[in-house]
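Protein chains in written order, with the working numbering: chain L, 1 to 513; chain C, 1001 to 1380.
A virtual CB, placed ideally from N, CA and C, is assigned to each residue, including glycine.
Fair warning: this is a prediction, and the values are worked out from it, not measured in the lab.
Report on the following structure.
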């Protein structure tokens, strides 16, 4: 831990936050000095968002103290946090499109002249903020006419307008193009010079290294290190995030065969507004092969999965399963034909949270044995098979009658994996199969995937965990803006190289094949 | 897990809601200078008379169909607010058909019931089709269809079309249904001068059918899955559009039966004074009964009790509209109570599971990357 001169702008000591069945934060210690940019990095699901919600008063920690400018505080709501000078810029903008910049900024904190909005005062203050921090934006422009970078500037001005001295930026660069990132970083340096503190949440290591004064790494809910950017490399940071030596290039023996199981050809998809989300995507997965898809989130992975599952209608292209063209089939037909599906968001797509485990055993397989007999459901069959899954896949639960929501994320995921492996699928679509699960469950799921691959399963693996992708994949492709832009060799690629290939910046060092 | 507690919790919410609404009603009675206890006693005493009991069962039979029609939609988050228009239109057409044909008794009644189901289903199906093919919210379209049904009925129920003048009054209605198309009553309540609607049997059968469909069939599973999480249902392969359309048709079909006990059991004609608004009562009862056929039966009987036993109040100088306050408060508070109980259940179960597992075993070991757990002997 690096020591900081007191009093720190924000100091978190021993913060622990539990949710039912899972500890989201455990003994977090962070100290943010006044006038610095403090980055918090960690994998998806490491507990960054939970921590920021604690700091922004959206929920209270179960243990630990928050100290702001040397004064211990207890915050009950975001308005308490705002009153203490803490402001949050959310990853997804919270702006009213049909209002002007000025109206958006003052919304909820309007300067008044009698009963009327004092527009002149508001405009003057916004211009003043823009002047002093280099955040130029026209107060009378409609937000719907603004680009992403300008909208983010409006969000920051909004926070500053409310007197924030400490800014939390949640993955601010996720939606920006490189030039906009540079402009944002210039603004952050300006803010820093004016004595603001900035908490910068990200998992893009190169950006963190370029802008932060201090970096705290969070892994599995705990702070593992606080380092200075000049003392670390991106590789070292990645290792701290992952928690172990990165896997050696030596991977498991190949079980890949020559038999194509899932062939996707020229798949394309547009949104209703005409934005291209999948552009001529083609790949083939063979029996016993794991095809990994790496990419920054939001580059078409979710849409690709949903299109293969028949949940979205593609604009063009074909999907062939085991020699049979299934392009025109519905989701149920595809599942019955032997596609298993581990969805990205298990609470949303994979489970009925308020139904029992055995009813969840049926989900996605409600037309197949042992869950159904003709038009009727087979309760006894489903229940017996749920017991088998609980036993074989080590789902830790006192009974199969508890609600799915009562299980921890890892056990929910093991139930889903067990369910999707039942009935001998030909192809498994696994989207973030170990996201937000504990270490034990993660290792178990990895072992299951490996065993199924050895048994001849073809797996499409989508993950944000580069380590997981490199460790499990036989073939690794990179998706960027809906296109498969590179194929790399998982045996030789490093997470760093993969990371730059994912941003489209450095294919030349990505070991492109 | 603990089934005693589960049943206890299930009953706690409606019981709390009823007690709370009685308390509010008492407060209102006190404020208007009426002793609440004796008022309630009057109602309970009156309800025990055989004739009132028969009336309660008859009202409940009608309410039961309406509540089932609403509940089947609620089970998949589909809001059929149009039960009202569906049953009125179905009753009018069925009245006209029943009065126009002459068939042997069982066949005549069958034709009538089928007509009612088809008309109700068709009217609801319009809203279903609008939702599936045009994305129109079924809440809006079913409400609008209620008004349209009112207009259609006014148009059809004229002497030039389906109506005839009722003898000895200004009322007009469909041509009376001959005895072969009537459903005879049952002497269910001993000592009552009034018979219970014969269609109470159909109501019970509909309740059992509802339970079987929802809990034992694949269709019912898809329906419940869609209601719990549409996203998860879609990912599991449920064709939500098909489900919306079929559920709307079933709901409307049940709604078509709402007017039948009255039409085939006592009035034998659809006239201007045919009861209206039963669809909205059905919504309240479906909420109270938690969309469960047994719960709905209890709710329907409670509603029947409040409606019929309140008739005594006017005679003792208490406005009988007081029961409207009771009913309103029950509906509002039961919604709140169910939500509180639901949240409590989820949290309690999470806590229980956490505790049981903590006792059972130590936490899982830490460490190990995906590359680290490779089975041995498979390096290349």
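>> Could you pull the DSSP bridge partners for residue 25 of chain L from this structure?
In response: Taking the first residue of the first chain as 1, we reach residue 25 of chain L at position 25. For residue 25 of chain L, which the question treats as bridged, DSSP gives the partners L:17.
> Do you know offhand how far residue 311 of chain L's Cα is from residue 331 of chain L's?
Replying inline: In the first chain, counting from the first residue as 1, residue 311 of chain L sits at position 311. In the first chain, counting from the first residue as 1, residue 331 of chain L sits at position 331. About 6 angstroms.
> In whole angstroms, what separates the C-alpha of residue 353 of chain L from that of residue 342 of chain L?
Replying inline: Within the first chain, numbered from 1, the residue matching residue 353 of chain L stands at position 353. Within the first chain, numbered from 1, the residue matching residue 342 of chain L stands at position 342. Using only the alpha carbons, I get a separation of about 15 angstroms.
>> Strictly below 8 angstroms CB to CB, what residues from chain L border residue 1217 of chain C?
In response: Position 217 of the second chain, counted from the first residue, corresponds to residue 1217 of chain C. Within chain L, the residues near residue 1217 of chain C are 375, 376, 377.
> Cα separation between residue 1145 of chain C and residue 1124 of chain C?
Replying inline: As a first step, residue 1145 of chain C is located in the second chain; it is residue number 145 there, counting from the start. As a first step, residue 1124 of chain C is located in the second chain; it is residue number 124 there, counting from the start. Taking the straight line from one Cα to the other gives about 8 angstroms.
> Quick one: which chain C residues come within Cβ less than 7 angstroms of residue 372 of chain L?
Replying inline: Numbered from 1 along the first chain, position 372 holds the residue referred to as residue 372 of chain L. Under the 7 angstroms cutoff, chain C gives 1218.
> By Cβ distance, which residues of its chain are closer than 6 angstroms to residue 47 of chain L, with the 5 residues on each side in sequence left out?
Replying inline: For this step, residue 47 of chain L is matched to residue 47 along the first chain. The answer, listed in chain order, is 24, 25, 218, 221.
> With distances taken from CA atoms, which of C:1004, C:1319, C:1282 is nearest residue 1033 of chain C?
Replying inline: Start at 1 with the first residue of the second chain, and residue 1033 of chain C comes out as number 33. Of the candidates C:1004, C:1319, C:1282, the one whose C-alpha sits nearest the C-alpha of residue 1033 of chain C is C:1319.
> When burial is assigned at 16 or more other CB atoms within 10 Å of the CB, is residue 200 of chain L buried or exposed?
Replying inline: For the purposes of this step, residue 200 of chain L is taken as the residue at position 200 of the first chain. It counts as buried.
> Name the chain L residues that come within less than 8 angstroms of residue 1228 of chain C, Cβ to Cβ?
Replying inline: Taking the second chain and counting its residues from 1, one reaches residue 1228 of chain C at position 228. The contacting residues are 352, 353, 354, 355.
>> Quick check: the Cα distance between residue 318 of chain L and residue 265 of chain L, rounded to an integer number of angstroms?
In response: The residue you call residue 318 of chain L lines up with position 318 of the first chain. The residue you call residue 265 of chain L lines up with position 265 of the first chain. Roughly 5 angstroms separates the two Cα atoms.
> By DSSP, does residue 279 of chain L sit in helix, in strand, or in coil?
Replying inline: In the first chain, residue 279 of chain L corresponds to position 279, counting from 1. Residue 279 of chain L: strand per DSSP, three-state reduction.
>> Based on DSSP bridge pairs, tell me the residues matched to residue 63 of chain L.
In response: Here residue 63 of chain L is taken as the residue at index 63 of the first chain, counted from 1. In the DSSP output, where bridge partners are listed per residue, residue 63 of chain L has L:16.
>> I'd like to know if residue 343 of chain L contacts chain C, where contact means its C-beta is closer than 7 angstroms to some C-beta of that chain.
In response: One-based indexing of the first chain puts residue 343 of chain L at position 343. It does: the Cβ of residue 343 of chain L has a partner Cβ on chain C nearer than 7 angstroms.
> In chain L, which residues lie with their C-beta within 7 angstroms of the C-beta of residue 1201 of chain C?
Replying inline: Counting from 1 along the second chain, the entry for residue 1201 of chain C is found at position 201. Correct list: empty, because the minimum Cβ distance to chain L is about 25 angstroms.
>> Residues in the same chain with beta-carbon distance under 8 angstroms from residue 176 of chain L, minus the five sequence neighbours each way, listed in chain order, please.
In response: Locating residue 176 of chain L in the first chain gives position 176, where the first residue counts as 1. Taken in chain order, the residues that qualify are 148, 149, 152, 184.
> For residue 56 of chain L, is the classification buried or exposed, using 16 other Cβ atoms within 10 angstroms of its Cβ as the cut-off for buried?
Replying inline: As a first step, residue 56 of chain L must be located in the first chain, where it is residue number 56. Result: buried.
>> Could you compute how far the alpha carbon of residue 1015 of chain C sits from the alpha carbon of residue 437 of chain L?
In response: As a first step, residue 1015 of chain C must be located in the second chain, where it is residue number 15. As a first step, residue 437 of chain L must be located in the first chain, where it is residue number 437. Near 40 angstroms, if we compare the C-alpha coordinates of residue 437 of chain L and residue 1015 of chain C.
> Considering residue 495 of chain L, what are the terminal residues of the alpha helix (DSSP H) in which it resides?
Replying inline: Translated into the one-based positions of the first chain, residue 495 of chain L becomes position 495. Run containing residue 495 of chain L: 495-503, per the alpha helix (DSSP H) assignment.
>> I need the DSSP call for residue 480 of chain L, collapsed to helix, strand or coil.
In response: In the first chain, residue 480 of chain L corresponds to position 480, counting from 1. Reduced to three states, the DSSP call for residue 480 of chain L is strand.
> Can we say the segment 1045-1059 of chain C touches the segment 1179-1194 of chain C, given the rule of at least three CB pairs closer than 8 angstroms?
Replying inline: yes
>> Could you compute how far the alpha carbon of residue 474 of chain L sits from the alpha carbon of residue 452 of chain L?
In response: Here residue 474 of chain L refers to the residue found at position 474 of the first chain. Here residue 452 of chain L refers to the residue found at position 452 of the first chain. Near 14 angstroms, if we compare the C-alpha coordinates of residue 452 of chain L and residue 474 of chain L.
>> Quick check on residue 200 of chain L: does DSSP put it in helix, strand or coil?
In response: To locate residue 200 of chain L, count along the first chain from 1; it is residue 200. In the structure shown, residue 200 of chain L sits in a strand (DSSP, three-state: E or B).
>> Measuring CB atoms only, is the segment 87-105 of chain L touching the segment 155-170 of chain L, in the sense that at least three cross pairs come out at less than 8 angstroms?
In response: yes
> Would residue 1244 of chain C pass as a contact of residue 1131 of chain C if the rule is Cβ separation under 7 angstroms?
Replying inline: Position 244 of the second chain, counted from the start, is the residue given in the question as residue 1244 of chain C. Position 131 of the second chain, counted from the start, is the residue given in the question as residue 1131 of chain C. Yes. Within cutoff.
> Should residue 1221 of chain C be flagged as near chain L, meaning a C-beta pair shorter than 7 angstroms?
Replying inline: Here residue 1221 of chain C corresponds to residue number 221 of the second chain, with the count starting at 1. Judged by the 7 angstroms Cβ criterion, residue 1221 of chain C is in contact with chain L.
> Quick one: is residue 1078 of chain C near chain L, going by C-beta distance under 7 angstroms?
Replying inline: Here residue 1078 of chain C refers to the residue found at position 78 of the second chain. So no, residue 1078 of chain C is outside the interface.
> Grouping DSSP H, G and I as helix and E and B as strand, with all else coil, what is residue 1175 of chain C?
Replying inline: Taking the first residue of the second chain as 1, we reach residue 1175 of chain C at position 175. In the structure shown, residue 1175 of chain C sits in coil (DSSP, three-state: anything other than H, G, I, E or B).
> I think residue 484 of chain L touches residue 477 of chain L, with their Cβ atoms under 8 angstroms apart; what is that distance to the nearest whole Å?
Replying inline: Translated into the one-based positions of the first chain, residue 484 of chain L becomes position 484. Translated into the one-based positions of the first chain, residue 477 of chain L becomes position 477. Rounded, the Cβ-Cβ distance is 5 angstroms, consistent with contact.
>> Which residues in chain C have a C-beta closer than 8 angstroms to the C-beta of residue 407 of chain L? List them in chain order.
In response: Start at 1 with the first residue of the first chain, and residue 407 of chain L comes out as number 407. By Cβ distance, chain C contributes 1353.
> Taking the C-alpha atoms as reference points, what is the distance between residue 251 of chain L and residue 491 of chain L?
Replying inline: On the first chain, position 251 is the one that residue 251 of chain L refers to. On the first chain, position 491 is the one that residue 491 of chain L refers to. Note that residue 251 of chain L has pLDDT 49, beneath the 50 cutoff, so the model's placement of it is unreliable and the number below is only indicative. Going by the C-alpha atoms only, they are around 6 angstroms apart.
> DSSP three-state call for residue 1076 of chain C: helix, strand or coil?
Replying inline: Along the second chain, read from residue 1 onward, the residue named residue 1076 of chain C stands at position 76. In this structure, residue 1076 of chain C counts as coil in the three-state DSSP scheme.
>> Going by DSSP, what residue range makes up the beta strand (DSSP E) through residue 88 of chain L?
In response: If you number the first chain from 1, residue 88 of chain L lands on position 88. Per DSSP, residue 88 of chain L belongs to the beta strand (DSSP E) from 86-89.
> Helix, strand or coil for residue 1105 of chain C per DSSP?
Replying inline: Position 105 of the second chain holds residue 1105 of chain C. If DSSP states are grouped into helix, strand and coil, residue 1105 of chain C belongs with the helices.
> Beta-carbon separation of residue 1346 of chain C and residue 405 of chain L under 7 angstroms?
Replying inline: Start at 1 with the first residue of the second chain, and residue 1346 of chain C comes out as number 346. Start at 1 with the first residue of the first chain, and residue 405 of chain L comes out as number 405. Yes. Within cutoff.
>> Taking the straight line between their C-alpha atoms, what separation do you get for residue 335 of chain L and residue 1214 of chain C?
In response: Here the question's residue 335 of chain L lines up with position 335 in the first chain. Here the question's residue 1214 of chain C lines up with position 214 in the second chain. Distance between the alpha carbons of residue 335 of chain L and residue 1214 of chain C is about 23 angstroms.
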